[in-house]
Structure formats: structure tokens, C-alpha cells
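Peer 1: Can you keep this structure in mind? I'll have questions shortly.
Residue numbers (the UniProt record's numbering): 1 to 554.
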């Protein structure tokens, strides 16, 4: 057969692949390989078999080739076949012996003679070494060796910053601390034309800076193309409305407690791209915080219809039932989500929260401990850097009044993530319960200093708690200042008015105390403490026995 006829058949195979006609591609690729016996044509045939999901046959074809151990393309595709077959040990064996240190530096042992024979290679292809490192990471993660998986993912990103999947696994699986993420990004070698990608990656990682710093990063990235593109270029778009960037920004708003802004942004994004699953998870979390049960119901129904095999769908159902306080049903659906994907952290936390709401402490602790085992962030040489399971274990211990144990877990959570204000808030609460009021004041002030955005109603309980702690220390002026600050964020808090009234009462300012007791009783008319203290304040103001003032509130 003439060379031009062979080349025509190769073109037919490539066209079949592009049109997803894989059986046709397999048929013609088989004939081309038979005519030429060229390794490149054998590889093309194996690739067609792989795309047609004939993994065992593709692996046999590659393994029978005499170049499988010398050409990285053959070795990588053979390992990909074994990945699809879930034969992880054989997959690692096929990829060859190599060592990697904790910083992602790779040393090959037997790969000095390998070649990369790709006739169709493009200038901007992803480095094959990066793909191999990433596949090693996938294999180790499947074998539950998260420490090795983490190191190989780092190696993959370092080998080629364009290997986004490796960075995604590091971030999504909480394998790096905030500092480690920043350090990794600063070590990456980007091409000059990939400057926008460096900025984008910076927006993807944990955002621990203050609001103005993070917002500046987003703004710079949104204007990236407009500032760097020549005026005569046909490409004049920007990333301003890019769904991935908007999802990043929404995640940041949720992290800061700006739940309404987060919900509004995710709602707009899902109108544009209703199947953006990363945004969907953030949208569900924001809807939960805002008590949007109708939105959760609609989202859950749509997800179960479109993605019945994805854990996110059943997690959404669990969120809906949790929102309407049907905790037993909620727990069942969170459990179903974890049965579909055992490493779905949000469902383990949701399951623990549902059990805690049912006051089933042992089951709640079991769920949190399972999450901590899967994401063991508090271990010194941990392969995970997620502090949430540890934080929730501490919350459960605090709920059952085991304050010393709770404090230990909160301190462990602080070691893992020193930028989360919620950790400092819980440390303040547990110190308050242990009557260590000076320590509580320090933790609550640290909480307020760690909030990345301007103060909002989310942090009103922290300000009230700080005021309570100052009152316990008999620092009444400071206590009153913080109670009044809390009232600027929310005017419907019984605790704030009661605390403010009691502080004025302790100061001997009976008029202000009576005014605020009345405001508290307007919110809850049958509050026993405020009723009794109002009676006492009125009596003390009029210098008479409180028993002689009947029916004060009638």
C-alpha cells in the first residue's frame, strides 16, 4: 500500500476520534498498524482502543510492543489502561521505579534510557513527566497512601504548571496548608505568556489575606487580557465573567461569612452554567446558612435527576432535610453520599452535625473521627491539611461539657489552620465556659482581628461573647462598648440586650438597665432572667422591696 494511502487512512482514524466514532477508529487503526507495523501506528491503535473503553485489549497491545518500556507514551498509556482497570499496583509497576521527596523533587532510578517518540508533538503540550507524576499520585491515593500521593501531585505541578489536575487534587483534597500552597505557587516556573495562569492559581488557593488584598487579586485577573492584549488583536475578552473565577470568588465570600453575597453570586453563575458542580457545592452551603429551604429542595431534585450516581446529589438532599430540621432523614442522605464516595468530606461533617442535632453524641463523634481519619490534619507528618474534622470534634466535646478535651482539639485545629477566625472563636467560648475570662477575651479579640472582611452580622455572637467576658472581669465600660457594637449589627438579639441591661445594672445605672430589660422582654416576653432582674432594678431605683411591686409586666 502506498504511503499517501496510509496517510489518508491515518487521517480517517483521527477524524473518527474527533467525531467520537470509536468503533470506526479501532477498525481503521487496526488496518493501518497491520500495513506498517510502525510503533506510532500501534500507539494510534491502542489509543483508539482506550477511547473505545477496550482497556484490557489496549493494554495487551501496548505490553506486547517491544518499545513499551522505552517510549514514555506507550508506558503512560499502558498505565492509564491499568488505572481504568483499577489495578493500581500494576499501574505503579508499569510507570517504573522513581523516588520523590516531600518537596516534589523526583529522582528516576532506571529511566535514563527512555525516549519520547511523538511525531505529532506540539510546542505547548503538557510535559509527559508531569502526566506520569500525576498518575502515580492517583495510584497512591487509590491505595490510601496519601503522603506519597501528595508528594507526586506536587512533583507533577512542578514538572509542568499546566498540569492543573494535580493542583486541583492538592487543593480539593486539603493536602496543603495555606503556607505550603503559597510556597508551591511561588516555586513554579511559568512562561512569560502564562502570567495570567499564575494569577489564576493564586486565586484558587486558600485565601487568608484581608479583603482588599484578595479583591485586588481578583480585579487584576479580571483585567488581565485587556491590559496585555495589543489593540489590533482579535481577542479582546477578559476573565471577568469566567465561571471558574466567579466560583472562586463565591468560595471566598462563603469563607468570610458573606453568605448573602456568596448566594447572589452563585445564583447568577448557575443561571449561566447550571451544571458547574464546584459552584453548586458552594451554593448549597450558602443556601444552608441562609435557611433557603425552597432553593435547597429545587437544587436537590435537579441534582438527583441529572446526577443520581454523584455524592453531591444526595448531599444536597441531606442539606434540605437538615435545613427543615428533619435530622434523621438528613443523616440518612448524608450517609448515602459517603457510601458513594468515602472521601467526600462535606457529607461526613453533615452526618456528624445531624447526629449532634439529634443529641446522639457517640454517632456524631464517629462521623467526625472518620473524617479526621480520612483527612488527618492534626498529625505532625500528615498528608492532609484540613482542620474541619478536628474543629467539629472539639465542638462535640464542648457540647457534652468536656471542656479540656474540647480545648485540646481546638488548639490542634489552630495548628493546622491559623487563619480561620472560627477556631479562635471556639477557643474563646471554651475558655469562657472554663471561667478563664482573661484568656477568653484574648481569643475573642484574636477572632475579630482575623476576620478578613468588614464586620457583618455573622460575627455578632463573637462580639457579644467578648462583651460577656469583659463583664465577668468587671470591666463594665469595655463590656458596654462591645454590646453596643453588637447592636449595630443586629437589633434582635435577646442576649445582647439582656447582657447590656445587666451590665448597666451592675454599674448602678438603673435607668439604662430598665430600658434595656424592656427591650429584651419585647423580643421574648417570658424570659425569666430579664423579668426578675427588671423587677429588682425597678425596686432598687425606687428604693423599695421588689415583693411590693406586683404585676410589673401585666
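All residues carry an ideal CB built from backbone N, CA and C; glycine is no exception.
1) Which residues in the same chain have their Cβ closer than 6 angstroms to the Cβ of residue 519, if we skip the five residues on either side of it in sequence?
2) State the DSSP-derived secondary structure class of residue 240, mapped to helix, strand or coil.
3) Going by the DSSP bridge assignment, what does residue 198 pair with across the sheet?
4) Report the rounded CA-to-CA distance for residue 10 versus residue 23, giving the unit in angstroms.
5) Does DSSP classify residue 435 as helix, strand or coil?
6) Quick one: complete alpha helix (DSSP H) runs, 4+ long, within the stretch 322-401?
7) For the candidate residues 499, 271, 493, 460, whose alpha-carbon lies nearest to that of residue 470?
8) Whose CA, out of 51, 95, 251, lies closest to the CA of residue 63?
9) Report the rounded CA-to-CA distance for residue 235 versus residue 192, giving the unit in angstroms.
10) To test your reading of the DSSP string, which unbroken alpha helix (DSSP H) runs of 4 or more residues are found completely within the stretch 231-305?
11) Determine whether the beta carbon atoms of residue 476 and residue 501 lie at a separation below 8 angstroms.
12) Over the uninterrupted beta strand (DSSP E) stretch that includes residue 100, give me the two end residues.
13) Tell me, which residues are paired with residue 107 by DSSP?
14) Does the Cβ of residue 47 have 16 or more other Cβ atoms within 10 Å, making it buried, or fewer, making it exposed?
15) Start and end of the alpha helix (DSSP H) containing residue 137?
16) Note down the Cα distance separating residue 74 from residue 144, rounded to an integer number of angstroms.
17) On a Cα-Cα basis, can you pick out the residue from 159, 52, 183, 152 that is closest to residue 169?
18) Three-state secondary structure (DSSP) at residue 412?
19) Exposed or buried, which one is residue 160 when buried takes at least 16 other CB atoms within 10 Å?
20) Hey, out of 81, 104, 339, 329, whose CA is closest to residue 310's CA?
21) Please list the terminal residues of the continuous alpha helix (DSSP H) segment that includes residue 307.
22) State the Cα-Cα distance for the pair residue 171 and residue 245, rounded to the nearest angstrom.
23) Leaving aside the five residues before and after residue 78 along the sequence, list all residues of the same chain whose C-beta is less than 7 angstroms from its C-beta, in chain order.
24) Within the same chain, show all residues whose beta-carbon is closer than 8 angstroms to that of residue 324, passing over the 5 residues directly before and after it, in chain order.
25) Are the CB atoms of residue 316 and residue 284 nearer to each other than 8 angstroms?
26) Taking only three categories from DSSP, how would you classify residue 87?
27) Nearest CA to the CA of residue 72: which residue from 86, 37, 19, 131?
28) I'd like to know whether the C-beta atoms of residue 126 and residue 163 end up nearer to each other than 8 angstroms.
29) Quick check: what's the CA-CA separation for residue 336 versus residue 135?
30) For residue 191, name the three-state secondary structure that DSSP assigns.
31) Using CA coordinates, which residue listed in 56, 30, 35, 54 is at the minimum distance from residue 44?
32) So what does DSSP say about residue 503, is it helix, strand or coil?
33) Suppose you measure from the CA of residue 367 to the CA of residue 133; what does that come to, to the nearest Å?
34) Tell me whether residue 455 sits in a helix, a strand or coil according to DSSP, three-state version.
35) If contacts are defined as beta-carbon pairs under 8 angstroms, then residue 473 and residue 510 qualify, I think. What distance do you get, rounded to the angstrom?
Peer 2: The relevant details are as follows:
1) Residue mapping note: residue 519 aligns to position 519 of the chain shown, counting from 1. Cβ neighbours of residue 519 beyond the five flanking positions: 497.
2) Translated into positions along the chain shown, residue 240 becomes position 240. Of the three classes helix, strand and coil, the one that applies to residue 240 here is coil, per DSSP.
3) Translated into positions along the chain shown, residue 198 becomes position 198. Bridge partners of residue 198: none, in fact.
4) Start at 1 with the first residue of the chain shown, and residue 10 comes out as number 10. Start at 1 with the first residue of the chain shown, and residue 23 comes out as number 23. One C-alpha to the other measures close to 15 angstroms.
5) Here residue 435 refers to the residue found at position 435 of the chain shown. Coil at residue 435, not helix or strand.
6) 327-340, 345-357, 361-374, 388-399
7) Counting from one through the chain shown, the residue named residue 470 turns up at place 470. Taking only the C-alpha atoms, the option nearest residue 470 is 499.
8) Counted from its first residue, the chain shown places residue 63 at position 63. Residue 63 has its Cα closest to that of 95, out of 51, 95, 251.
9) If you number the chain shown from 1, residue 235 lands on position 235. If you number the chain shown from 1, residue 192 lands on position 192. With a pLDDT of only 48 at residue 235, under 50, the local geometry of the prediction cannot be trusted, and no value is derived from it.
10) Restricted to the stretch 231-305, the alpha helix (DSSP H) segments that are unbroken, complete and at least 4 residues in length are 243-255, 259-272, 277-290, listed in chain order.
11) One-based indexing of the chain shown puts residue 476 at position 476. One-based indexing of the chain shown puts residue 501 at position 501. Not a contact, by the Cβ cut-off of 8 angstroms.
12) Counted from its first residue, the chain shown places residue 100 at position 100. First-last of the beta strand (DSSP E) with residue 100: 98-100.
13) On the chain shown, residue 107 is found 107 positions in, with the first residue counted as 1. Answer is 99.
14) Here residue 47 corresponds to residue number 47 of the chain shown, with the count starting at 1. The residue in question, residue 47, is buried, as its Cβ has 16 or more Cβ neighbours within 10 Å.
15) Within the chain shown, the letter at position 137 stands for residue 137. Element bounds for residue 137: 128-142.
16) For the purposes of this step, residue 74 is identified with residue 74 of the chain shown, where counting begins at 1. For the purposes of this step, residue 144 is identified with residue 144 of the chain shown, where counting begins at 1. Whole-angstrom Cα-Cα distance: 26 angstroms.
17) Here residue 169 is taken as the residue at index 169 of the chain shown, counted from 1. Of 159, 52, 183, 152, the residue nearest in Cα terms is 152.
18) Locating residue 412 in the chain shown gives position 412, where the first residue counts as 1. Helix, per DSSP.
19) Within the chain shown, the letter at position 160 stands for residue 160. Buried, since its Cβ has 16 or more Cβ neighbours within 10 Å.
20) Taking the first residue of the chain shown as 1, we reach residue 310 at position 310. Of the candidates 81, 104, 339, 329, the one whose C-alpha sits nearest the C-alpha of residue 310 is 339.
21) Counting from one through the chain shown, the residue named residue 307 turns up at place 307. Per DSSP, residue 307 is not a residue of any alpha helix (DSSP H), being assigned neither H nor E.
22) If you number the chain shown from 1, residue 171 lands on position 171. If you number the chain shown from 1, residue 245 lands on position 245. Looking at the two C-alpha atoms, the distance is approximately 15 angstroms.
23) Position 78 of the chain shown, counting from 1, holds the residue named residue 78. Answer for residue 78: 59, 62, 63, 68, 94, listed in chain order.
24) Walking along the chain shown from the start, residue 324 turns up at place 324. Sequence-distant partners of residue 324 (beyond 5 residues in either direction) whose C-beta falls short of 8 angstroms from its own C-beta, in its chain, are 293.
25) What you label residue 316 is simply residue 316 of the chain shown in a count that begins at 1. What you label residue 284 is simply residue 284 of the chain shown in a count that begins at 1. Yes, Cβ-Cβ distance for residue 316 and residue 284 is below 8 angstroms.
26) Reading the chain shown from its first residue, position 87 is the one you call residue 87. It is coil, neither helix nor strand.
27) On the chain shown, residue 72 is found 72 positions in, with the first residue counted as 1. Residue nearest to residue 72 within the set 86, 37, 19, 131 is 131 (criterion: CA-CA distance).
28) The sequence position of residue 126 within the chain shown is 126, counting from 1. The sequence position of residue 163 within the chain shown is 163, counting from 1. Their beta carbons are under 8 angstroms apart, which means residue 126 touches residue 163 by this criterion.
29) Reading the chain shown from its first residue, position 336 is the one you call residue 336. Reading the chain shown from its first residue, position 135 is the one you call residue 135. Residue 336 and residue 135: Cα-Cα distance of roughly 28 angstroms.
30) Counted from its first residue, the chain shown places residue 191 at position 191. Note: residue 191 maps to coil in three-state DSSP.
31) Within the chain shown, residue 44 is the residue found at index 44, counting from 1. Among 56, 30, 35, 54, the Cα nearest to that of residue 44 is on 30.
32) As a working mapping, residue 503 is identified with position 503 in the chain shown. Of the three classes helix, strand and coil, the one that applies to residue 503 here is helix, per DSSP.
33) Reading the chain shown from its first residue, position 367 is the one you call residue 367. Reading the chain shown from its first residue, position 133 is the one you call residue 133. Approximately 33 angstroms, taken between the alpha carbons.
34) For the purposes of this step, residue 455 is identified with residue 455 of the chain shown, where counting begins at 1. Looking at residue 455 - three-state DSSP - the assignment turns out to be coil, as it is neither helix nor strand.
35) Locating residue 473 in the chain shown gives position 473, where the first residue counts as 1. Locating residue 510 in the chain shown gives position 510, where the first residue counts as 1. Not a contact, Cβ separation roughly 22 angstroms.
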